[in-house]
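Take a look at the structure set out below.
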Amino acid sequence: MPYIQTKVNVEITREKEKNIKQKLGKAIELIPGKSEKWLMLSFQDNSNLYFKGSNEESIAFIEVKIFGKADNKEYDSLTKEITNIFSQELNIKPSQIYIKYEEVEHWGWNGSNF
Amino acid sequence: MPYIQTKVNVEITREKEKNIKQKLGKAIELIPGKSEKWLMLSFQDNSNLYFKGSNEESIAFIEVKIFGKADNKEYDSLTKEITNIFSQELNIKPSQIYIKYEEVEHWGWNGSNF
Amino acid sequence: MPYIQTKVNVEITREKEKNIKQKLGKAIELIPGKSEKWLMLSFQDNSNLYFKGSNEESIAFIEVKIFGKADNKEYDSLTKEITNIFSQELNIKPSQIYIKYEEVEHWGWNGSNF
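Protein chains in written order, with numbering that gives the first Met the number 0: chain A, 0 to 113; chain B, 0 to 113; chain C, 0 to 113.
Written out as structure tokens, the structure reads:
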């Protein structure tokens, strides 16, 4: 029951999107019990973003929502990996990437809650 | 002070949107004290979504944000009802629908917080 | 590490966006320790929103996400100020504006978490 929402102010080509999708599907395994089998992704490229008052550089805002909780160490590993993915695939500087986590208590799937 | 955000990877026609809007306005009453009189909705159709590594099937990601808290039982009823709405109106399989809840402590309206 | 996401169902011209950006960069200082130097913004104009079952009036849904916590008093000041900004710049009635806060425990930047 993880969900990762990607917002970037650059274009994501189909090929890049496929790469990012596959890499996020692997990265999510850094959180115990999570895998691509339950992962939902949302991509919004060409978003209208500002960071530090400017929109002149590439920017990424990534939201990771998981059912339940994880350890600091696990979030650290995931932040490092997700930052690598967007840095490598879209040439976004790590210092222009925010990754925000949400631990979710109530999450529905297939008509009932986990 | 509830807010429901709909993201689907299919088109929502005006007629379907009106139906869904009306049904969500009823469904939110399953949470005590909530009604369409305070409900805000956001629709993003044709979103770029993946589930389980694939974007070949219809997918819905619904976020429900409420001021305060509710019981498990109430969330269960709402998940069942929202799933029915999107299953019936947009032919999305229940197994392709995530519904995520957020309980909000600080919420502003009309220039001040509740 | 604050992030403010703006969704409105009206158009935001470039000039208006610049004004709002600058004003939000000032307003965020109402939360101790926060400033435009760490502020990320997202704008989605012409969004598909409903409030109280209707989409005939202008509507704004603003999400403010901060790393850590703040006091009720600080949130009150920020709600007042953000409401003023959208009321003045986009002529949206305060009674048509929701501002939702999220206090975030895990937040990554530059490859590691705060």
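No residue lacks a Cβ here, since even glycine has one placed at the ideal position from N, Cα and C.
The structure presented is a predicted model; accordingly, all values stated were derived computationally and were not measured.
Counted within 10 angstroms of its Cβ, other Cβ atoms place residue i as buried (16 or more) or exposed
i, result
"Thr-12 (chain C)", "exposed"
"Thr-53 (chain A)", "The amino acid occupying residue 53 (chain A) in the given sequence is Ser; Thr does not appear at that position. The residue is exposed, with fewer than 16 neighbouring Cβ atoms inside 10 Å."
"Gln-21 (chain A)", "exposed"
"Asn-71 (chain A)", "exposed"
"Asn-45 (chain C)", "exposed"
"Asn-90 (chain B)", "exposed"
Unbroken beta strand (DSSP E) run spanning residue i, endpoints
i, result
"Phe-42 (chain B)", "39-43"
"Ala-69 (chain A)", "Careful: Ala-69 (chain A) lies outside any beta strand (DSSP E) and carries neither H nor E."
"Leu-48 (chain A)", "47-50"
"Lys-6 (chain A)", "2-7"
"Ile-98 (chain C)", "96-103"
"Gly-107 (chain B)", "106-108"
Same chain only: Cβ atoms within 7 Å of residue i, ignoring 5 sequence neighbours per side
i, result
"Pro-93 (chain A)", "Thr-82, Ser-86"
"Glu-88 (chain B)", "Lys-15, Asn-18, Ile-19"
"Glu-35 (chain B)", "Gly-24, Ile-27"
"Gln-95 (chain A)", "Phe-50, Glu-56, Ser-57, Ile-58, Ala-59"
"Glu-80 (chain A)", "Ala-26, Leu-29"
"Ile-84 (chain A)", "Ile-19, Lys-22, Leu-23, Ala-26"
"Glu-10 (chain B)", "Asp-44, Asn-45"
"Tyr-100 (chain B)", "Val-63, Tyr-74"
"Ser-76 (chain A)", "Leu-29"
Own chain residues within Cβ distance below 8 Å of residue i, not counting five before or after
i, result
"Glu-73 (chain B)", "Leu-29, Ile-30, Pro-31"
"Asn-112 (chain C)", "His-105, Trp-106"
"Asp-38 (chain A)", "As written in the sequence, residue 38 (chain A) is Leu, which differs from the Asp given in the question. Around Leu-38 (chain A): Pro-1, Tyr-2, Ile-3, Leu-23, Gly-24, Ile-27."
Residue range of the unbroken alpha helix (DSSP H) whose run includes residue i
i, result
"Glu-16 (chain C)", "13-26"
Neighbourhood of residue i by C-beta, 6 Å cutoff - its chain only, sequence neighbours within 5 removed
i, result
"Lys-68 (chain C)", "Glu-102"
"Ile-3 (chain A)", "Leu-23, Leu-40, Val-63"
"Lys-6 (chain C)", "Gln-43, Ser-46, Phe-60"
"Asn-8 (chain A)", "Ser-46, Leu-48, Ile-58"
"Ile-98 (chain B)", "Ile-61, Thr-78, Ile-81"
"Phe-66 (chain A)", "Met-0, Val-103, Trp-106, Phe-113"
"Lys-33 (chain C)", "Pro-1, Ile-27"
Chain-ordered chain E contacts of residue i [CB-CB under 8 Å]
i, result
"Tyr-2 (chain B)", "In the displayed structure, chain E is absent; the protein chains listed are A, B and C."
Report task. Could you please tell me which residues of the stretch 70-90 of chain A, in chain order, have their CB closer than 9 Å to any CB of chain B? Result -> none
Report task. Take every Cβ of the stretch 41-57 of chain B, pair it with every Cβ of the stretch 94-111 of chain A, and state whether three or more of those distances are shorter than 8 Å. Result -> no
Requested in this report: For the stretch 21-54 of chain B, enumerate the residues whose C-beta is nearer than 8 Å to any C-beta of chain A, in chain order.
Outcome: Ser-46, Asn-47, Leu-48, Tyr-49, Phe-50, Lys-51, Gly-52
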